[in-house]
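Enquirer: Just so you know, the protein sequences line up as chains W and B, in that order.
Okay, so the first sequence: first residue is 1 according to the working numbering, each after it adds one.
Okay, so the second sequence: first residue is 262 according to the working numbering, each after it adds one.
Heads up, the beta-carbon is just placed ideally off N, CA and C, and yes, glycines get one too.
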Amino acid sequence: MLRPRIIPCLLVKGGGLVKTLRFGPGKYVGDPLNAVRIFNEKEVDELILVDIDATVAGQEPNLQLIKHLATECRMPLCYGGGVRSVDMLERIVQLGVEKVALSAAAVQTPALISAAAERVGSQTVVVVMDVKKAGMLRCWEVFTHNGTRKTGLDPVSFACQVEQAGAGEIVLNNIDRDGEMKGYDLDLIRQVREAVHLPLTVLGGAGSLADIEALIREFGIIGAAAGSLFVFKGVYRAVLINYPTRQEKDALLARAGFGDL
Amino acid sequence: MITLVSYGLGNVQAFANIYRRLNIPVQIAQTVDELATAERIILPGVGAFDWAMTRLEASGLRPCLDDLVLEQRRPVLGVCVGMQMMARHSDEGQLPGLGWIDAEVRRFDAGRFTQKTHLPHMGWNDVVPRRADGLFQDMSSPRFYFLHSYYFAPAREEDTLAVTDYYGPFTSAVGVGNIYGTQFHPEKSHQWGIQLLRNFAELA
Numbered sequence: 001m002l003r004p005r006i007i008p009c010l011l012v013k014g015g016g017l018v019k020t021l022r023f024g025p026g027k028y029v030g031d032p033l034n035a036v037r038i039f040n041e042k043e044v045d046e047l048i049l050v051d052i053d054a055t056v057a058g059q060e061p062n063l064q065l066i067k068h069l070a071t072e073c074r075m076p077l078c079y080g081g082g083v084r085s086v087d088m089l090e091r092i093v094q095l096g097v098e099k100v101a102l103s104a105a106a107v108q109t110p111a112l113i114s115a116a117a118e119r120v121g122s123q124t125v126v127v128v129m130d131v132k133k134a135g136m137l138r139c140w141e142v143f144t145h146n147g148t149r150k151t152g153l154d155p156v157s158f159a160c161q162v163e164q165a166g167a168g169e170i171v172l173n174n175i176d177r178d179g180e181m182k183g184y185d186l187d188l189i190r191q192v193r194e195a196v197h198l199p200l201t202v203l204g205g206a207g208s209l210a211d212i213e214a215l216i217r218e219f220g221i222i223g224a225a226a227g228s229l230f231v232f233k234g235v236y237r238a239v240l241i242n243y244p245t246r247q248e249k250d251a252l253l254a255r256a257g258f259g260d261l
Numbered sequence: 262m263i264t265l266v267s268y269g270l271g272n273v274q275a276f277a278n279i280y281r282r283l284n285i286p287v288q289i290a291q292t293v294d295e296l297a298t299a300e301r302i303i304l305p306g307v308g309a310f311d312w313a314m315t316r317l318e319a320s321g322l323r324p325c326l327d328d329l330v331l332e333q334r335r336p337v338l339g340v341c342v343g344m345q346m347m348a349r350h351s352d353e354g355q356l357p358g359l360g361w362i363d364a365e366v367r368r369f370d371a372g373r374f375t376q377k378t379h380l381p382h383m384g385w386n387d388v389v390p391r392r393a394d395g396l397f398q399d400m401s402s403p404r405f406y407f408l409h410s411y412y413f414a415p416a417r418e419e420d421t422l423a424v425t426d427y428y429g430p431f432t433s434a435v436g437v438g439n440i441y442g443t444q445f446h447p448e449k450s451h452q453w454g455i456q457l458l459r460n461f462a463e464l465a
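#1: Under a three-way DSSP split, which group does residue 139(W) fall into?
#2: Mind checking if residue 168(W) is an interface residue toward chain B, Cβ cutoff 8 Å exclusive?
#3: Look at the alpha carbon of residue 146(W) and the alpha carbon of residue 130(W), and state the distance between them as a whole number of angstroms.
#4: So for residue 54(W), helix, strand or coil by DSSP?
#5: Just list the residues that DSSP pairs residue 288(B) with in beta bridges.
#6: Of all the residues that make up the region 76–110 of chain W, which are near chain B by a beta-carbon distance shorter than 9 Å?
#7: Could you tell me if residue 239(W) is buried or exposed, where buried requires 16 or more neighbouring beta carbons within 10 angstroms of its beta carbon?
#8: Examine the Cβ distances between the region 66–75 of chain W and the region 27–36 of chain W and report whether three or more of them are shorter than 8 Å.
#9: Round the Cβ separation of residue 221(W) and residue 378(B) to the nearest angstrom and send it over; I've been treating them as touching at under 8 Å.
#10: From the DSSP output, in three-state form, read off residue 103(W) for me.
#11: Count the other CB atoms within 10 Å of the CB of residue 402(B); is the residue buried (16 or more) or exposed (fewer)?
#12: With a 10 Å radius around its C-beta and 16 neighbouring C-beta atoms as the bar for buried, classify residue 421(B) as buried or exposed.
#13: In the DSSP output, what is residue 385(B) paired with across the bridge?
#14: If we cut at 8 Å on Cβ distances, does residue 221(W) have a partner in chain B?
#15: Determine the closest residue to residue 217(B) out of 297(B), 305(B), 291(B) and 342(B), with distance taken between C-alpha atoms.
#16: Flag this pair as yes or no: are the beta carbons of residue 512(B) and residue 414(B) separated by less than 8 Å?
#17: CA-CA distance, residue 407(B) and residue 445(B)?
#18: Considering only residues of the same chain and omitting the five flanking positions on each side of residue 380(B), which have a CB-CB separation below 7 Å?
#19: Consider the Cβ of residue 351(B): report whether some Cβ of chain W lies at a distance smaller than 8 Å.
#20: Could you give the DSSP three-state label for residue 241(W): helix, strand or coil?
#21: Are residue 174(W) and residue 204(W) close, meaning C-beta to C-beta below 8 Å?
#22: Once DSSP output is grouped into helix, strand and coil, what is the label at residue 16(W)?
#23: Interface residues of chain W around residue 439(B) at Cβ under 7 Å?
#24: Looking at residue 108(W) and the ligand ATP, is the gap between the Cβ and the nearest heavy atom below 7 Å?
#25: Count the other C-beta atoms from every protein chain shown that fall within 10 angstroms of the C-beta of residue 84(W), then say buried if there are 16 or more, exposed otherwise.
#26: Tell me whether residue 420(B) sits in a helix, a strand or coil according to DSSP, three-state version.
#27: Pull out every residue of the region 43–68 of chain W whose Cβ sits closer than 7 Å to any Cβ of chain B, in chain order.
#28: Kindly identify the DSSP beta-bridge partner or partners of residue 436(B).
#29: If you drop the 5 nearest sequence neighbours on each side, which residues of the same chain put their C-beta closer than 6 Å to that of residue 134(W)?
#30: For the region 351–369 of chain B, which residues have a beta carbon sitting closer than 7 Å to at least one beta carbon of chain W?
#31: Alpha carbon to alpha carbon, how far is residue 206(W) from residue 357(B)?
#32: Could you give the distance in angstroms between the alpha-carbon of residue 355(B) and the alpha-carbon of residue 433(B)?
#33: For residue 283(B), which residues in the same chain have their Cβ closer than 8 Å to its Cβ, ignoring the five residues on either side in sequence?
#34: Please classify residue 177(W) as buried or exposed, where buried requires at least 16 neighbouring CB atoms within 10 angstroms.
#35: Could you name the residues that DSSP lists as bridge partners for residue 9(W)?
#36: Kindly identify the DSSP beta-bridge partner or partners of residue 431(B).
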């Protein structure tokens, strides 16, 4: 039986790992290669790595860093940040990355999604939607450039467009909950989940394994991603990379309805 | 010695790392000279079917590979699209496959899905081997990472080595003589993947 995925999400800035709060300036939490090695030992389901400098600074992805991390990773890796062309996406796949995420570039040029899927296959192309409530009516809206640029796009209709264009996965990232560790916004997730058949991974808000369990109980097959939860420990947010053991994970999935695994 | 076919696709370094950690000699072959002496071959693959076939043909390695696999009968393991390329044809592309195994690659039919998430089949799933030897020796309840929307359908049922359930069973590992394939990614599947790669290196 296919299992839901529990996925640490690492943010890279200036070559180091950071963790942000509502997309604000990040707190330094360590070295990416070291983190990947620890997550190898912990047998994580999958990793997401996002370079939060690249698009904002107009930089190309750091291919050297991606190569080192992809080589070290003994689990599937999704990379995002600064990918603006099919050629760049292809180069990153050739470095040994299983999935490449588009965000700002996909918003500006949705045809890029189709062109990428044709070259490297749908399963390799991920679209990250950073969303927050905006405007007088506090409606959900897609943002780019680390949450600084409005797009005028509604997450549900953009998700449908992304699916039509041939993406293989959507990562729904809730800016308002980033780093808050108070739980996922299940209502937002429900809206997007109802709209598409693509694998959906959600990020933003997870503060405990109970939050992940609640997510899986409601949505079944889903990607439960988290940043803070897997890099901080305790109320003082001491940096400590952590992840449930296989037994803890299987028990969590059983409680959430995947009992006959 | 394991030889990893490097034609610009797939994570050869991840395979190489695992074999180095296991102290099993490994080399990466980019040229015919490097490939010609291969004893055991891994053909990785990521991406769309036609793109992968095009890259393999452009690498100039195809005639040498055909000879090693079909004439010299060296053990070969195709992974993901590397497995799919061993079939005659794929629904995903127009180009013919390598045709090493009498099989077709088909798209999962949308009618089979009963839950919200359909394709790609993405994540960790159980692999049920038909026999507990060969590639699947010394493994209990193996699970592996999958990432695909098309599946390998061998013409002969006995060519299936293992099945996986995704709204119905499909062939997740295949074996015909010296030719093996896995739809899942052993190089990204922690201890089960490491064991499978070790088993491939030790196949009699």
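Expert: Walking through what the data contain:
#1: Residue 139(W): strand per DSSP, three-state reduction.
#2: True, the Cβ-Cβ gap to chain B drops below 8 Å.
#3: Roughly 8 Å separates the two Cα atoms.
#4: Looking at residue 54(W) - three-state DSSP - the assignment turns out to be coil, as it is neither helix nor strand.
#5: Bridge pairing for residue 288(B): 264(B) [DSSP].
#6: Look at the region 76–110 of chain W: the residues with a C-beta under 9 Å from a C-beta of chain B are 76, 77, 90, 93, 94, 95, 96, 97, 98 and 99.
#7: With fewer than 16 Cβ atoms within 10 Å of its Cβ, residue 239(W) is classed as exposed.
#8: Touching, yes, given that three or more Cβ pairs across the two stretches are closer than 8 Å.
#9: Their Cβ separation, rounded to whole angstroms, is 4 Å, which keeps residue 221(W) and residue 378(B) in contact under 8 Å.
#10: Here residue 103(W) sits in coil by DSSP.
#11: By the 10 Å Cβ count, residue 402(B) comes out exposed.
#12: Residue 421(B) should be labelled buried.
#13: Paired residue(s): 406(B).
#14: Residue-level contact check: residue 221(W) touches chain B, since one or more beta carbons of chain B fall below 8 Å from its beta carbon.
#15: Missing from the structure shown is residue 217(B); chain B here goes from 262 to 465 and no further.
#16: Residue 512(B) lies beyond the residue range present for chain B, which begins at 262 and ends at 465; the question has no answer from this structure.
#17: Straight-line Cα distance between these residues: approximately 5 Å.
#18: Within the same chain, Cβ atoms closer than 7 Å to the Cβ of residue 380(B) are found at 369 and 410, the five residues on either side in sequence being excluded.
#19: No, no contact with chain W.
#20: For residue 241(W), the three-state secondary structure derived from DSSP is coil.
#21: In this structure, residue 204(W) lies closer than 8 Å to residue 174(W) by Cβ.
#22: Of the three classes helix, strand and coil, the one that applies to residue 16(W) here is strand, per DSSP.
#23: Within chain W, no residue comes near residue 439(B); the closest Cβ sits about 27 Å away, beyond 7 Å.
#24: The ligand ATP is not part of this structure, which contains no ligands at all.
#25: Burial call: buried.
#26: DSSP places residue 420(B) in helix when its eight states are reduced to three.
#27: From the region 43–68 of chain W, only 43 and 45 have a Cβ closer than 7 Å to chain B.
#28: Paired residue(s): 441(B).
#29: Only 141 meet the Cβ criterion.
#30: For the region 351–369 of chain B, which is checked against every Cβ of chain W, not one residue is closer than 7 Å.
#31: Cα-Cα distance, rounded: 46 Å.
#32: Roughly 23 Å between the two C-alpha positions.
#33: Result list for residue 283(B): 455, 458, 459 and 462, in chain order.
#34: So residue 177(W) counts as buried.
#35: Under DSSP, residue 9(W) takes part in a beta bridge, and its partners are 48(W).
#36: When beta bridges are read from the DSSP output, residue 431(B) appears opposite 425(B).
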